[in-house]
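Each remark here refers to the structure printed beneath this line.
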Amino acid sequence: MAERLTMPLWEPVQAHKAITHIYNTAKPYLMAGHRMVAKLEPETRRDNHNRHFHSLIGQISQQLGATVPDLSDTEDAKRILISAFRIDTRNDSDLADEWAKFGDVRMGRGLRGEVVLMGIQSRDFTIKLARAFIEWLYAFGVEHGVRFKAWEGEQ
Numbered sequence: 012m013a014e015r016l017t018m019p020l021w022e023p024v025q026a027h028k029a030i031t032h033i034y035n036t037a038k039p040y041l042m043a044g045h046r047m048v049a050k051l052e053p054e055t056r057r058d059n060h061n062r063h064f065h066s067l068i069g070q071i072s073q074q075l076g077a078t079v080p081d082l083s084d085t086e087d088a089k090r091i092l093i094s095a096f097r098i099d100t101r102n103d104s105d106l107a108d109e110w111a112k113f114g115d116v117r118m119g120r121g122l123r124g125e126v127v128l129m130g131i132q133s134r135d136f137t138i139k140l141a142r143a144f145i146e147w148l149y150a151f152g153v154e155h156g157v158r159f160k161a162w163e164g165e166q
C-alpha cells in the first residue's frame, strides 16, 4: 500500500504537481480495487514550531519536575502548560480569535473515573498560536529559573 504523503504548498504550480503526483501514485492502487483518501487542508503549524515547543516543554519538565511534581511527566507538563498559556492569553487582542476557534474547554469524567481535559490539542494550533506558545514558554521558564539550551532551529 502507498505510504502517507504530506506536501506543504505555497504556490499554484506546486499544487498542480502535487495533484498529478497523487493521481499517478493512487491510480494503480485504485485500479487494483483498494480505497484511498486524499486530503487537502490549511497548514496549522510548522514542524519546526512543533519541535521547538516540545523541546522547551521537555526542558521545563526536566528542570522543574522535582519541585513541581505535576510537571515531572512531559505529556502531563504539556497539557498543564497549554492550559496555563490559554488562561494567560485568551483575552489578548492578537490571540482571542485564535482561541475562539477551539470553542469551550471542558473537563469530563473518563470511563475509569479519571479527569479528562477536552477541547485543546497542540496539533490544532495555528502558526500564530504556536509562535505565541513558544514565546510564552520562554517567559514561563525564565520566570521559574529554567536554563534553556540554545535553540538550533531546523533540525
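So in our numbering, the last spot in the sequence shown is 166, and the numbers never skip. By construction, the Cβ of each residue, glycine as well, lies at the ideal position given by its N, Cα and C atoms.
Identify whether residue i lies in helix, strand or coil by the three-state DSSP scheme.
i, result
"Val24", "helix"
"Arg101", "coil"
"Gln166", "At Gln166 the pLDDT is 42, less than 50, meaning the model places this residue with poor confidence; the figure from the coordinates comes in the next sentence. Of the three classes helix, strand and coil, the one that applies to Gln166 here is coil, per DSSP."
"Pro39", "helix"
"Phe151", "helix"
"Asp115", "coil"
"Lys160", "coil"
"Leu140", "helix"
"Thr17", "coil"
"Arg46", "coil"
"Ile131", "coil"
"Glu52", "coil"
Would you list the one or two residues that DSSP bridges to residue i?
i, result
"Val126", "Arg120"
Am I right that residue i and residue j are in contact with their C-beta atoms under 8 Å? What's the rounded C-beta distance?
i, j, result
"Leu212", "Val157", "What the structure shows of the chain is the stretch from 12 to 166, and residue 212 is not part of that stretch, so it cannot be assessed."
"Leu92", "Tyr149", "Wrong, their Cβ atoms sit about 12 Å apart, outside the cutoff."
"Leu169", "Leu106", "Any question about residue 169 goes unanswered here, given that the chain covers just 12 to 166."
"Phe151", "Gly130", "Not a contact, Cβ separation roughly 21 Å."
"Ser72", "Ala88", "4 Å"
- Any chance you could list the alpha helix (DSSP H) runs of at least 4 consecutive residues sitting entirely within the region 58-94, in chain order? Listed in chain order, they are 58-75.
- Query: Would you say the region 124-144 touches the region 50-65, given that touching needs at least three Cβ pairs under 8 Å?
  - Reply: With the rule of 3 Cβ pairs closer than 8 Å, the region 124-144 counts as touching the region 50-65.
- Query: Per the contact definition of three or more C-beta pairs closer than 8 Å, is the region 12-24 in contact with the region 88-106?
  - Reply: The region 88-106, when compared against the region 12-24, does not touch it at the 8 Å Cβ threshold.
- Query: Three or more C-beta pairs closer than 8 Å, one from the region 41-49 and one from the region 109-122: is that the case here?
  - Reply: The region 41-49, when compared against the region 109-122, does not touch it at the 8 Å Cβ threshold.
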